[in-house]
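K.L.:
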Amino acid sequence: MSETSITSASTEKKASAPKKQKTPVHQLSPRAKMLHRALRHKGLLFGLFVMAIIVIVALFAPLLAGHDPYSQSLLARMKPPVFLGGTWEHPLGTDALGRDYLARLVYGARISLLIGLIAATISACIGTFMGVLAGYFGGRIDLIVTFFINVRLAMPVVLVALAVVALFGGSLLVVVSVLGLLLWDRFAVVMRAATMQVRKLEYVAAAQVLGASLPRVLIKDILPNVMNHLIVIFTLEMAHAIILEAALSFLGLGVQPPTPSWGLMISEGKEMLLFESWLITIPGIALFFLVLSINMLGDGIRDVTAPEGRN
Amino acid sequence: MYIYILKRLGLALLVAFTVSAISFSLLFMAGDPAIAIAGENASMEDIQMVNDRYGFDRPIVVQYFEWLGKAASGDLGNSWYFDLPVSDLIVDRLSVTMLLGLLSISFALLLAIPMGVAAAMKPNSLIDRAALFISVVGQAIPSFWFGLILIVVFSIKLGLVPASGSTSWAHFILPTIVLGYYATPAIMRLTRAGMLEVLSADYIRTARAKGLDSRKIMFKHALRNAIIPVISLAAVQMGFMLGGSIVVESIFALHGAGFLAWESISRNDLPTMQALILIFSMFYIFFTFLADILNAWMDPRLRIA
Amino acid sequence: MTDPILTIKNLTVDLPEGGDRPHAVEKLSVDIAPKEIVCIVGESGSGKSITSFTTMGLLPKALKPSTGEVIFEGQDVLKLSPREHAKLRGSRMAMIFQEPMSALNPCYTVGDQIEEVFEQHTSLSKAERKAKTIKLLDEVQLPEPERIYSSYPHQLSGGQRQRIVIAIALALDPSLLIADEPTTALDLSTQAQILHLFKELREKHSAGIMFVTHDFDVVAEIADKVVVMKEGKIVEQGTAEEVLNRPKHPYTRKLIDAVPRRTGSVNAHMTEKHKVMEVLGLNKTFHTKGTMFKPSRTVHACKDINFIVHRGETLGIVGESGSGKSTLVKCLIRLEDPDSGSVIIDGSDIAQFTPKLLHPYRKSIQIVFQDPYGSLNPRRTIGDQLVEGPINFGEDRAHAMERAKKLMEIVRLEQDALYRYPAQFSGGQRQRICIARALMVEPEVLIADEAVSALDVSVQKEVLKLLNEIRDEMGLTVLFITHDLRVAAQICDNLVVMQNGEIVERGNVDEVFGHPKHDYTKKLLSAQPGQNWNVPDISKLPPVDPALLDQALNQPMGAVR
């Protein structure tokens, strides 16, 4: 985010001033310079930190959960979390079916991350392919790609995703594929614009004049220089996919019970809205922080990898 | 100019046509619609009867063009669930959604533009940080959850506004905030970034060299240029927002087109789903078209060849 | 001698911490009298613009004047509040900028933008404001003032827009006019008109003019007094006559020595006449598709172009922007496909070759582009980019790397440059790297497409010298594309002059410069500023005062940037 880049730029200047005698910043290699900026970017570091925690929790879910997220207990229904007077037996309480809320939350992180990663990967492949082709070749190919982008943008995402999931049946596979097939538009739009911009630069012309083949130009000269945009959009769309999955599951047309999806947990908690609002607060906050950290990571990467100023 | 508008309209129609073709084939291929109507346990005879009545056993292309032909003349078929003409159903519900859309985009613009401008005028100030906070939170908060939290706080705990329904203006307050806040971050960021860019433009320096007072520089010279892309973004966001109304309307039980969509989806009512997808995509197409026209109207470089 | 209207005394402006030097401008003192044009000259980064911005009160927030006085009409403007300073701007002091294309607000008519000055500083009625504006448009010699009045900036050319900016500056007849590189972005003929306008203004108005420029020929054309700046400090100041003809400081001498000039001996290095490349009847048209608001049009960018280049020759292709020279270059290196005609190299006509057939011939023609920042891939090391060509033509990497090392020596860079990234080099160094990259495949013809236009004069001189040496040592043939007649005169053997896609004049440098035949060439030559100035032969000047020399030695000149 440009807002945070301003603060980081000024802190960077102060921090680098005393070190100047060793290696002036402008003489570092691009990678070293990027690292230099990354370590001073508060938003990026925050995003990275929160993200790392969630990923670790998801990876080691069985160790951290303490309970089976699926096992119901009629005796232990609706136990409140510790901070509302519950016991450490169920630190975050239990839901209406007596399932441990912490366990469901921890396993839910796996679902969200998995869906976000796979859906964003699918759409990144589709969108990047279309965008780079359109941006590089222009002309008729560009017209066709632009048309498909327009068609895709005109389709109401939530509505189409809901309808398809309703008709095909809600499973992880269906949800992931539908989201992957629906969220490629921003990849295509941004990759197209970025490729057009890079394509105009003289080093691409120089590479062609030096006899570089088309695949070589694309891989060596175009892709590395649009990569930063790709990564940023990837984070944005990953966050988008995670929110959409939660929304679909919330509406009952995403991942099906008893799978521990955060959206589903909120949906189930909604029934108890009047009395036990912590049932929706806890998974909601988890969802919020996951999306927040991914977005901050993306914004940070955009700031840090922004092209060098002209000296 | 007129030729361009005609071309643009032709393209819009082509986009609408493609969207409807894709959604039609998607919906009708997903399962056997005859079974959907007759029910899971229907006998072969029942299914045959349904097929005879609706023609589901014909090739999908034939069915699509039949539907399209009727749609063009305003006949969107009968709802399987409500057993009413789909067009009547939609017309009935659309006004609620349109009202919600207009209220929400106004809310978003009224919040985002002043804050974006103020943030750009004083980067790193308190207001800039507040704007940053609002947009970062807005991007990360799932709107269905945000809606529920608002219900808990304002309807249940404080009892200020009704939680669901669509009978009075008070019913629109919370949905407007939720849907409007959804569109706010993008508009605010664009306003701020646009203002910052324009403020560093050469013509702003010229204006300062003329000795103009800063209010005039800010509003006459800077905002006028920075607002152009914001207006077209707002139009596009409006298109997205109507499509996204389904989530908000279902939380607040606001009986608009989005709620109708949710009902039709949960009841496998294909004609209604198909019609709503078409209507919502037409809205999007209309608003992007409007954005182009607004752009041209505001930017003399586009207006005058 | 009248009292000066502007006196800058001991001005120091600090740079933010962590920059490459502590002050943007240091202990600077300058006087400007009415009816006097004072030129502030320096290379990029010399602090020359900072001086003008400080006076106008338009400094970026990061920069703050720390000491000194800027006395304008009896008061120190550094002590004024921003509001008081703004009152002076546009009324008593006014400024003209470098980029006419972006200096005007695209959303308002130019009439409106001029009137604003009256609106802000006077209480004239609407009708009076308009009348004054029309009069101003007339004064800056714009045709049809009434039509221009209601035009938007994008409907006017660069030269016309610059006149609008001048009109804005002149609106209230200020006593100080500051012009920051006002002609740098303009074509030669437009530049001549604007410079002429400045000379007239000096006579008609009584304003003192601070004219910031990097170009000594412009200085020679209009300056009364000259101030030479380097790294924020004044190294020399005096009357134009003194500084231009008898420069004292070694830095001034170096700059003046770098001013490109015709250098007599032509074709001396060419012994044999061997045809390397021949272009026959080349045509290229572009059809721009109409959009919502612009009608489609057809542009004939190259019309029936014919020329021959011989081994060891430097052929200059000279033209202003829009002359079609860039399109010609793109056709020659086949980044564009010519509509018709031949490009014959090594006995083959490559103009219509398919990409496959073309591939082996790509080696023969290489190019160095204008923009030192856009022509190297920021994400690949220099070495990786240098061996790219040979690898594409089937050479193995290690072998190519050896040659890359040799070429680094030839272009005078350290070998370890090969392991670094472009961001770690200056503009001049990058152009050397681009030259090395082009030479990696041992081309027959090297095209230099405005290859030195973006560089400071002293750097420009080094690169030109390097090009000449390489040409002589390697028997290379150079096609030198430029808009700058002086540079062309200095480096080329033969010239073709292009206008509107056609070659209007050709011949060797002496013929074209000495006896131009076509009207356009004559017009271009007469538009060249500084013609009455004979650049002094630096080697024949009296030796530098040892005191100045010491000072120069203590602060390295940064010869190779």
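Residue numbers (UniProt numbering), protein chains in the order written: chain A, 1 to 311; chain B, 1 to 305; chain C, 1 to 561.
Backbone N, C-alpha and C fix where the C-beta goes; we use that ideal spot for every residue, glycine too.
For G43 (chain A) versus G389 (chain C), is the C-beta spacing smaller than 8 Å?
P.N.:
No. Outside cutoff.
K.L.:
Is the Cβ-Cβ distance between A527 (chain C) and V509 (chain C) less than 8 Å?
P.N.:
Not a contact, by the Cβ cut-off of 8 Å.
K.L.:
Which ranges does the beta strand (DSSP E) cover as unbroken runs of at least 3 residues, wholly within the region 346–385 of chain C, from first to last along the chain?
P.N.:
The qualifying runs are 365–368.
K.L.:
For the alpha helix (DSSP H) that contains F275 (chain A), what are its first and last residues?
P.N.:
Taken as a continuous stretch (DSSP letters only), F275 (chain A) belongs to no alpha helix (DSSP H), as it is neither H nor E.
K.L.:
In angstroms, rounded to a whole number, what distance separates the CA positions of I105 (chain B) and M121 (chain B)?
P.N.:
Spanning the two alpha carbons is a distance of roughly 24 Å.
K.L.:
Compare the beta carbon distance of I209 (chain C) and R202 (chain C) with 8 Å and say whether it is the shorter of the two.
P.N.:
For I209 (chain C) and R202 (chain C), yes; Cβs fall inside 8 Å.
K.L.:
In angstroms with no decimal places, state the Cα-to-Cα distance between V227 (chain C) and K540 (chain C).
P.N.:
Going by the C-alpha atoms only, they are around 23 Å apart.
K.L.:
Between D213 (chain B) and chain C, is there a C-beta pair that is closer than 8 Å?
P.N.:
With 8 Å as the cut-off, D213 (chain B) counts as an interface residue toward chain C.
K.L.:
Based on Cα-Cα distance, which residue from A:R192, A:S123 and A:F289 lies nearest to L183 (chain A)?
P.N.:
Per the Cα distances, A:S123.
K.L.:
Comparing C-alpha positions only, which one of C:K325, C:Q160, C:K363 and C:E402 sits nearest to T482 (chain C)?
P.N.:
It is C:K325.
K.L.:
Under 8 Å, Cβ to Cβ, is there at least one residue of chain C near L114 (chain A)?
P.N.:
It does not; no Cβ of chain C falls within 8 Å.
K.L.:
Compare the Cα-Cα distances from I308 (chain C) to each of C:S321, C:K275, C:G316 and C:F393 and report the closest residue.
P.N.:
Of C:S321, C:K275, C:G316 and C:F393, the residue nearest in Cα terms is C:K275.
K.L.:
Measuring straight from C-alpha to C-alpha, what distance separates G57 (chain C) and A351 (chain C)?
P.N.:
So the alpha carbons of these two residues sit roughly 56 Å apart.
K.L.:
Give the DSSP bridge partners of Q75 (chain C), in chain order.
P.N.:
Per DSSP, C:F72.
K.L.:
Take M93 (chain C) as the anchor and find which of C:P65, C:I32, C:Y373 and C:M101 has the nearest alpha-carbon.
P.N.:
Of C:P65, C:I32, C:Y373 and C:M101, the residue nearest in Cα terms is C:I32.
K.L.:
How about A134 (chain A) and D142 (chain A): are their beta carbons less than 8 Å apart?
P.N.:
Closer than 8 Å, so yes.
K.L.:
Does DSSP classify I118 (chain A) as helix, strand or coil?
P.N.:
In the structure shown, I118 (chain A) sits in a helix (DSSP, three-state: H, G or I).
K.L.:
Which residues in chain B have a C-beta closer than 9 Å to the C-beta of M155 (chain A)? List them in chain order.
P.N.:
Near M155 (chain A) (Cβ distances below 9 Å), the residues of chain B are V19, I22, S23, G243, I277, F280, S281 and Y284.
K.L.:
Does L162 (chain A) come within less than 8 Å of chain B when only Cβ atoms are used?
P.N.:
Yes, contact with chain B.
K.L.:
Does the beta carbon of L201 (chain A) sit closer than 8 Å to a beta carbon anywhere in chain C?
P.N.:
L201 (chain A) counts as touching chain C.
K.L.:
Would you please verify whether the beta carbon of A261 (chain B) is less than 8 Å from any beta carbon of chain A?
P.N.:
Chain A, which has a Cβ nearer than 8 Å to the Cβ of A261 (chain B), makes this yes.
K.L.:
Is there a Cβ from chain B that is less than 8 Å from the Cβ of S261 (chain A)?
P.N.:
With 8 Å as the cut-off, S261 (chain A) does not count as an interface residue toward chain B.
K.L.:
Tell me whether F65 (chain B) counts as near the ligand FAD, meaning its Cβ is closer than 7 Å to at least one heavy atom of that ligand.
P.N.:
Absent from the structure shown: the ligand FAD. Ligands present: none.
K.L.:
Kindly confirm or deny that the region 203–222 of chain A and the region 259–268 of chain A touch, where touching means at least three C-beta pairs closer than 8 Å.
P.N.:
Because the criterion of three Cβ pairs below 8 Å is not met, the region 203–222 of chain A and the region 259–268 of chain A do not touch.
K.L.:
May I ask you to list, following chain order, the residues of the region 96–111 of chain C that have a beta carbon less than 7 Å from some beta carbon of chain B?
P.N.:
Going along the region 96–111 of chain C in chain order, one finds F97, E99, S102, A103, L104, N105, P106 and C107 with a Cβ nearer than 7 Å to chain B.
K.L.:
For W202 (chain B), return the contacting residues in chain C, with the cut-off set at a CB-CB distance below 8 Å.
P.N.:
The residue asked about is misnamed: residue 202 (chain B) is Asp in this sequence, not Trp. By Cβ distance, chain C contributes F97, E99, S102 and A103.
K.L.:
Which residues in chain C sit within 9 Å of K122 (chain B), going by Cβ to Cβ distance?
P.N.:
Residues of chain C passing the Cβ test: none, with the nearest at roughly 11 Å.
K.L.:
Does DSSP classify V232 (chain A) as helix, strand or coil?
P.N.:
Three-state DSSP puts V232 (chain A) in a helix.
K.L.:
In its own chain, which residues sit with a C-beta less than 8 Å from the C-beta of I256 (chain C), not counting the 5 before and 5 after it?
P.N.:
Excluding positions up to five away in sequence, the list reads F216, L244, P247, V535, P536 and I538.
K.L.:
Threshold first: 4 residues or longer. Then list the alpha helix (DSSP H) segments lying entirely within the region 37–117 of chain C, N to C.
P.N.:
Whole alpha helix (DSSP H) segments, 4+ residues: 48–56 and 82–88.
K.L.:
With a threshold of 8 Å between beta carbons, is A166 (chain A) in contact with chain B?
P.N.:
By this cut-off, A166 (chain A) is an interface position.
K.L.:
Among A:H41, A:D100, A:H229 and A:I111, which one has its Cα closest to the Cα of L173 (chain A)?
P.N.:
Comparing Cα-Cα distances from L173 (chain A) to each of A:H41, A:D100, A:H229 and A:I111, the minimum goes to A:I111.
K.L.:
Smallest Cα separation from L179 (chain B): which of B:I141, B:R208 and B:A193?
P.N.:
If we check each option's Cα against that of L179 (chain B), B:I141 comes out closest.
K.L.:
Suppose only complete runs of 3+ residues qualify. What are the beta strand (DSSP E) ranges in the region 135–183 of chain C, listed by chain order?
P.N.:
You should have 176–180.
K.L.:
When you compare the CB of G211 (chain A) with every CB in chain C, is at least one pair closer than 8 Å?
P.N.:
At least one chain C Cβ lies under 8 Å of G211 (chain A).
K.L.:
Ordered along the chain, which non-local residues of its own chain (more than five positions away) have a Cβ less than 7 Å from that of E3 (chain A)?
P.N.:
At E3 (chain A), the pLDDT of 36 sits below 50, so the modelled position is not reliable; the number obtained from the coordinates is stated separately. Counting only Cβ-Cβ distances below 7 Å, and skipping sequence neighbours, we find nothing.
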